[in-house]
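*Asks:* The structure that follows is given in the form of structure tokens.
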Amino acid sequence: MYRHKKIYELRYTDVDAFDILKPSSLLSFLEESACLSADELGFGYNAVVPKNMGFIIVNWYIEFTRPVKLGDKLEIQTWPLRPKFLIFFRDYELFVDGEKVGVATARWCLIDTVNFSVLPSSAYFEEGAFDNYNTERCIDFKAWKIPTIEGGKPVYAKKITYSDYDHYFHVNNTKYADYLADVFSVEEFNGKYIKSLQVTYVKQCKIGETIEFVREDSDGAFIVEGRVDGEVRVQFKVKFDEV
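Sequence positions in the sequence shown follow the working numbering and run 3 to 245.
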């Protein structure tokens, strides 16, 4: 069955202070592979843009069995799945030298880029378009809802600027991963790596807005919310493990 495969060689700029793959670099690799796969299958950026359509990511769930480090060659295999209602699913398996080191699954939406409304798959795809899609799942993950922080500790705030933008004129999903990393101290990352990362993009952020990050630590996990004027725009759930 269909899989798109691409190898990414980790560069100095892809890793953190401890030479471990940064979450923002990982999301960039995953997004790049998804876009290349969509190009191959006929619904890539250049195919949908003339129709005033585009795809945006709604959720990520990523899980590693070990850290990926500087000098590793990370192979990403990805494939789309049959959409359900308004959600398009895409799965990923991650390998280093043939060793499976992680999995990821994502939920995407097809949108009208003029008014940013969500579109059904029938807006672009013909009936039967998904009949030959790979039905294999990399992981059986269904716990997409991240608990809301009731109290939490404010950590810092970030004003959205031009460098945060993508071609949909909102903050690119990969940028939020850097915002997340800045919630933690250097000491908290020392000797650890992100074992699992879950992200929910609630609402887009625009230039000039200030997003405040609030953190709550509980049950071996960390929950982080990015809020604009008290409104939740992005949520993270993170678990660490020893290197």
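Glycine included, C-beta positions come from ideal geometry on N, C-alpha and C. Computed from a predicted model, the values in this text were never measured in an experiment.
Just checking my contact of residue 180 with residue 174 at CB under 8 Å: how many whole Å lie between their CB atoms?
*Replies:* Along the sequence shown, read from residue 1 onward, the residue named residue 180 stands at position 178. Along the sequence shown, read from residue 1 onward, the residue named residue 174 stands at position 172. In fact, because the Cβ distance is near 10 Å, the residues do not count as touching under 8 Å.
*Asks:* Starting from residue 114, trace the beta strand (DSSP E) both ways and give me its first and last residue.
*Replies:* By 1-based counting over the sequence shown, the position of residue 114 is 112. Per DSSP, residue 114 is one residue of the beta strand (DSSP E) stretching across 101 to 114.
*Asks:* Using the Cα positions of residue 145 and residue 224, report the straight-line distance between them to the nearest angstrom.
*Replies:* Here residue 145 is taken as the residue at index 143 of the sequence shown, counted from 1. Here residue 224 is taken as the residue at index 222 of the sequence shown, counted from 1. Answer to the nearest angstrom: the Cα atoms are 16 Å apart.
*Asks:* Is there contact between the region 15 to 32 and the region 191 to 203, where contact requires at least three CB pairs shorter than 8 Å?
*Replies:* yes
*Asks:* Rank 68, 97 and 184 by C-alpha distance to the C-alpha of residue 228 and give the top, closest one.
*Replies:* Within the sequence shown, residue 228 is the residue found at index 226, counting from 1. Considering only alpha carbons, the answer is 184.
*Asks:* Let me know the secondary structure DSSP gives residue 219 once reduced to three states.
*Replies:* As a first step, residue 219 must be located in the sequence shown, where it is residue number 217. Correct three-state label for residue 219: strand.
*Asks:* If you draw a straight line from the C-alpha of residue 159 to the C-alpha of residue 237, how long is it?
*Replies:* Counting from 1 along the sequence shown, the entry for residue 159 is found at position 157. Counting from 1 along the sequence shown, the entry for residue 237 is found at position 235. Approximately 15 Å, taken between the alpha carbons.
*Asks:* If contact is defined by three or more beta carbon pairs under 8 Å, each pair taking one atom from either stretch, is the region 196 to 206 in contact with the region 38 to 51?
*Replies:* no
*Asks:* Where do the N-terminal and C-terminal ends of the beta strand (DSSP E) with residue 177 fall, by residue?
*Replies:* As a first step, residue 177 is located in the sequence shown; it is residue number 175 there, counting from the start. Residue 177 -> not in any beta strand (DSSP E); alpha helix (DSSP H) instead, spanning 175 to 183.
*Asks:* Do you know offhand how far residue 154's Cα is from residue 126's?
*Replies:* Taking the sequence shown and counting its residues from 1, the one referred to as residue 154 is at position 152. Taking the sequence shown and counting its residues from 1, the one referred to as residue 126 is at position 124. If I take the Cα positions, the gap works out to 42 Å.
*Asks:* Which residues bound the beta strand (DSSP E) around residue 243?
*Replies:* Counted from its first residue, the sequence shown places residue 243 at position 241. Its beta strand (DSSP E) spans residues 233 to 244.
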